[in-house]
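Engineer: The sequence shown lines up with residues -23 to -1, 1 to 765 when you count with mature numbering (1 follows the signal peptide of the UniProt record, and there is no 0). Note that beta-carbon positions come from the ideal geometry of N, C-alpha and C, so glycine has one too. Have a look at this one.
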Amino acid sequence: MAVLKILVWLWILTIWCLPSLPAQSITSEPAPVVAPTRSSNRTSSRCIPSERDALLVFRTGFTDPRGNYMSSWQGEDCCQWKGVRCSDRSGHVVELELYGLKEVNSSIALPEGQANSSLLGLQHLRSLDLSDNNFNAAPIPQFIGGLQNLRYLDLSNSNFSGQVPPHLGNLSKLLSLALGGNNLSGTLPSTFRNLHSLEELWLYENNISGPVSILLNRLPGNSLIRLMLDENKLTGSLSDQLGRLKKLMFLDLRSNNLDGTITESDLSALANLKEIYLSDNSLSIVFQHNWVPPFKLDVAALQSCKLGPKFPEWLRSQNSISILDISNTSISGPIPQWFWITFSETQFLVLSRNQISGMLSPTMFSKMEAQTMDFSDNLLVGSMPKLPTNLESLDLSKNNLSGPLPTDFGNSSLKMLNLFKNSIGGRIPYYFCYLEDVFWTCLKTNYMGNFPIAMIEFPSFLRNCQKLVFLDLSYNQFSGMLPPWIGDKLLSLAFLSLRSNLFFGHIPQKLAKMKGLQFLDLACNNLSGLIPQSLADFIAMAVAPQDNNTLSEIVDYGYDMNEDDVVSYTGSSLVVTKGEQLEFTSGIIYMVNLDLSCNILTGPIPGEIGKLGALKSLNLSWNHLNEMIPNSIGDIHSLESLDLSHNEFGGEIPATLSNLLSLSHLNLSYNNLTGRIPSGNQLQTLDDQASVYIGNLGLCGPPLSKNCSQTGLPPASPEGNKDGDDTVFFFLAMGSGYVMGLWTIFCLFLFMKKWRAVCFLFSDRLYDWFYVQVALGWASLKPKIGGS
């Protein structure tokens, strides 16, 4: 009964209170719902006026070329503005995300450098993102240290400079701090010890300097999980400071100036460590032979650290690694058997630039699950084993592998294959015809074609490799004519090198169908005929290459394993330019080259060559090219190296060469060029200028010592007409000598009477004797003729 009375009284109170409620609360329409995103459409204003005013003041001084943010900052409700997010409950601004878009003119900028401190009015702000903008080398604003509720602060890649301000140490609630990609210098302030909640610190790509031990000592030891200090100027050894960071899972110290030795005591406390990056320092990693780390790594990037000479035994327990880079770590000797078992599931294996010897295990190698394997620049011997099924990229270059390629390749998904500088020979197996996805093939400096069963012609299996972008068959013994189908089937090629083989015949016109070809090297073969005019149709040689061209994509493939640039590209390409042989790695993507030197090409240079405005290197030396150098060659404005030496060019040097403002190497020696040497611009800055023109007897003027006369020197004849000119000169000399001799005899007879009498008497007697002999001979023959 008591419970019933209570329920009745509650019902009465409810009815009594209803008239006092607002009318809208008893309607059937639901209240508006505010989505927790900054882009939601609200039906009523939730913005706090003082915070709206603070944002408008902060906006002053910024430029926003494309209106990515500021154009929407209109109206009363700042919670509707782009980049602004408010709390659903209080209406306070809690997130401000004004990050740039990493495109040209698509980020906000602050021409004056210093941002307005009005953001201090946003005391409920939890996240501030100003990354990928341009703050014009200004220091990080000190007022940011007053935003005490910040959890996330991202100022990366925004052109800040100066030192890290100590005021950031006031942000005791901060979880993530990103300052990477700026020009910050000095070390961290001691106030960073106050960041007791900090889990992530991103300081990559700055100029942070000083001993790394001091910096590590100023970090909060009990909270930090992710630490990125790569590409700075930190020095010294890690000493025992790493042990303070007990929760650390991700450590990146690549590309600093660290030295000293890391022992097991430095890492024993890091039981949570998953990824470690120590590449490109001078560190030595020395662990006890039987030490088993307390952590299980996913990534170990230790390039250029010293791990050897023995194969590091501590890696034996790291069977969960997906990425392992121990290149250039002074490891020698054979690969232990446990390596193939421990890393059987590893996706990326890089052991290049060591002294690893012995053979690749023929049974274990094929059972690996790796996508990328790089064993280049070692001392491996034996034949190439059957490949793993999942392998997409394989680099075995610069070893001592020999014998033929395996008859059973075991893989049809291969995309990159580099066998440069081995002793592999014999026939290229037929299964290469099924490598349809391959886009990088390098068989340079082997002995293809050296065996009796060898395939000596251009590899026909390449017909099916229509995704091929990079092809290097240089320094082999391939021969035969270049097949026209190269231009029909290999339309994706950007790099083609057939240097130093035995190819002969004409250069196929259809090569010009490969519009993306930016590097063509056919030097040192036996190619003949004319230079095809169609070569001027290479679009990639007419337009400067960009960072996103086809070559850049494949240079990154397989070596840029994740967002943190785990493994660097180690492949290399030899390019003859500027009179020397240079080795290119990732810079090959910017090389635009045409090299037809050391062949038997004849005829003129096509005038259309001026269309190849992006060419950086043009080498046509050591051929039999003739006629005049075309004026259009001065239209190749990107040209840095031009070699036309050892040909038969005649006429004057075109004055348009002075238009080549990027030219740093020029060789016109040993031709038949004539006239005054042009001057101006880059032509005046070339090294050893006299050697540029040596072997051209008809040239005059600086830098040669031969002066040009007032009327100019007579033009020298082209080499091909020398024999004809010598014949003309011979007959002219003989005729003039004959005439002069007759005139001399005539004058002697005219003025010397005795000589004239003796000569005439002698001629009369000679005539009489000759007449008598003829008459007697005729008389003796006449009877015989009549009798017959």
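How close, in whole Å, do the beta carbons of residue 775 and Ala114 come, if the pair is a contact with beta carbons under 8 Å?
Structural biologist: Residue 775 cannot be examined here, being either before or after the span of the chain that is shown, -23 to 765.
Engineer: With a threshold of 7 Å on Cβ separation, who are the neighbours of Ser294 within its own chain once the five nearest residues in sequence on each side are excluded?
Structural biologist: Around Ser294: Val269 and Pro270.
Engineer: Going by DSSP, name the residue or residues bridged to Val71.
Structural biologist: DSSP output for Val71 lists no bridge partner at all.
Engineer: Among Gly77, Gln666 and Glu28, which has the Cα closest to the Cα of Cys63?
Structural biologist: Residue Glu28 is the option with its Cα nearest to Cys63.
Engineer: Tell me the start and end of each unbroken alpha helix (DSSP H) in the segment 433 to 483 that is at least 4 residues and wholly inside, in chain order.
Structural biologist: You should have 462 to 466.
Engineer: From Pro365 to Tyr452, what distance separates their C-alpha atoms?
Structural biologist: Rounded to the nearest angstrom, the two C-alpha atoms are 28 Å apart.
Engineer: Going by beta carbon distance, what residues of the same chain come within less than 7 Å of Leu740, once the five residues before and after it are set aside?
Structural biologist: Correcting the residue identity first, residue 740 is Ser in this sequence and not Leu. Closer than 7 Å at Cβ, skipping near neighbours: no residue.
Engineer: Answer with buried or exposed for Met205, where buried requires no fewer than 16 other C-beta atoms within 10 angstroms of its C-beta.
Structural biologist: Buried, since its Cβ has 16 or more Cβ neighbours within 10 Å.
Engineer: What are the boundary residues of the beta strand (DSSP E) that includes Val34?
Structural biologist: Element bounds for Val34: not the beta strand (DSSP E) but the alpha helix (DSSP H), Pro26 to Arg36.
Engineer: Quick one: Cα of Asp351 to Cα of Ser338, how far?
Structural biologist: Answer to the nearest angstrom: the Cα atoms are 15 Å apart.
Engineer: Do Leu420 and Leu467 have their C-beta atoms closer together than 7 Å?
Structural biologist: Not closer than 7 Å, so no.
Engineer: In the DSSP output, which residue or residues are listed as bridge partners for Tyr129?
Structural biologist: In the DSSP output, where bridge partners are listed per residue, Tyr129 has Ser104 and Ser153.
Engineer: Along the beta strand (DSSP E) that carries Asp229, what are the first and last residues, could you check?
Structural biologist: It spans Phe227 to Asp229 - the beta strand (DSSP E) in which Asp229 sits, taken as one unbroken run.
Engineer: Since Gly506 contacts Leu578 with CB under 8 Å, what's their CB separation in whole angstroms?
Structural biologist: Confirmed, about 7 Å.
Engineer: Using alpha carbons as the reference points, say which of Pro118, Gln100, Gly123 and Leu132 lies closest to Asp109.
Structural biologist: For the residues Pro118, Gln100, Gly123 and Leu132, the minimum Cα distance to Asp109 belongs to Leu132.
Engineer: Out of Leu230, Arg128 and His601, state which residue places its alpha-carbon closest to the alpha-carbon of Pro188.
Structural biologist: Nearest option by C-alpha distance: Leu230.
Engineer: Using C-beta distances below 6 Å, list every residue in its chain close to Gly657, excluding the 5 sequence neighbours before and after it, in chain order.
Structural biologist: Closer than 6 Å at the Cβ level, and outside the excluded window around Gly657, lie Ser635.
Engineer: What do you get for Gly754, buried or exposed, if any count of 16 or more other CB atoms within 10 angstroms of its CB means buried?
Structural biologist: Label assigned to Gly754: exposed.
Engineer: Jot down the residue ranges of each uninterrupted beta strand (DSSP E) in the segment 229 to 262, minimum 3 residues, whole runs only, in chain order.
Structural biologist: Taking only runs of at least 3 residues, the beta strand (DSSP E) segments lying wholly in the segment 229 to 262 are 234 to 239, 252 to 254 and 259 to 262.
Engineer: Between which two residues does the alpha helix (DSSP H) holding Phe316 run?
Structural biologist: Segment Gln314 to Thr319, the alpha helix (DSSP H) holding Phe316.
Engineer: Is it buried or exposed for Ala752, if we count other Cβ within 10 angstroms and need 16 for buried?
Structural biologist: With fewer than 16 Cβ atoms within 10 Å of its Cβ, Ala752 is classed as exposed.
Engineer: Could you give the first and the last residue of the continuous beta strand (DSSP E) run that contains Val327?
Structural biologist: It spans Phe325 to Val327 - the beta strand (DSSP E) in which Val327 sits, taken as one unbroken run.
Engineer: Where does Ala752 fall in DSSP's three states?
Structural biologist: Here Ala752 sits in helix by DSSP.
Engineer: Go to Asn267, then tell me how far its beta strand (DSSP E) extends in each direction, as first and last residue.
Structural biologist: No beta strand (DSSP E) holds Asn267; DSSP gives it neither H nor E.
Engineer: From Asn399, Met393 and Ser353, pick the residue whose C-alpha is nearest to that of Ser360; which is it?
Structural biologist: Out of Asn399, Met393 and Ser353, Asn399 has the C-alpha closest to the C-alpha of Ser360.
Engineer: With which residues is Phe496 paired in a DSSP beta bridge?
Structural biologist: According to DSSP, which records beta bridges pairwise, Phe496 is partnered with Phe472 and Asn570.
Engineer: With Ser189 as the anchor, note down where its alpha helix (DSSP H) starts and where it stops.
Structural biologist: According to the sequence displayed, residue 189 carries Val and not Ser. Its alpha helix (DSSP H) spans residues Val189 to Asn194.
Engineer: From Ile300 to Leu152, what does the alpha carbon distance come to, in whole angstroms?
Structural biologist: Cα to Cα, the separation comes out at about 28 Å.
Engineer: Assuming Ile654 and Ile630 are in contact, meaning their beta carbons sit under 8 Å apart, how far apart are those beta carbons, in whole angstroms?
Structural biologist: Correct: roughly 6 Å between the Cβ atoms.
Engineer: Whose CA, out of Asp54, Ser259 and Ser374, lies closest to the CA of Asn234?
Structural biologist: Among Asp54, Ser259 and Ser374, the Cα nearest to that of Asn234 is on Ser259.
Engineer: Suppose the cutoff is 6 Å on Cβ atoms and the five residues either side in sequence are ignored; what does the same chain contact list for Ser48 look like?
Structural biologist: Cβ within range, chain order: n/a, list empty.
Engineer: Leaving aside the five residues before and after Ala31 along the sequence, list all residues of the same chain whose C-beta is less than 7 Å from its C-beta, in chain order.
Structural biologist: Cβ neighbours of Ala31 beyond the five flanking positions: Ser95, Leu96, Gly98 and Leu99.
Engineer: Alpha carbon to alpha carbon, what distance is there between Leu382 and Leu394?
Structural biologist: Between Leu394 and Leu382, the C-alpha separation is close to 12 Å.
Engineer: What residue ranges within the segment 627 to 681 form continuous alpha helix (DSSP H) runs of no fewer than 4 residues, ordered along the chain?
Structural biologist: Here the runs fully enclosed are 666 to 669.
Engineer: Looking at the structure shown, is residue 768 part of a helix, part of a strand, or coil, going by DSSP?
Structural biologist: With the chain represented from -23 up to 765, any question about residue 768 goes unanswered, as that position is not in the structure.
Engineer: Tell me whether Gly584 sits in a helix, a strand or coil according to DSSP, three-state version.
Structural biologist: Correct three-state label for Gly584: helix.
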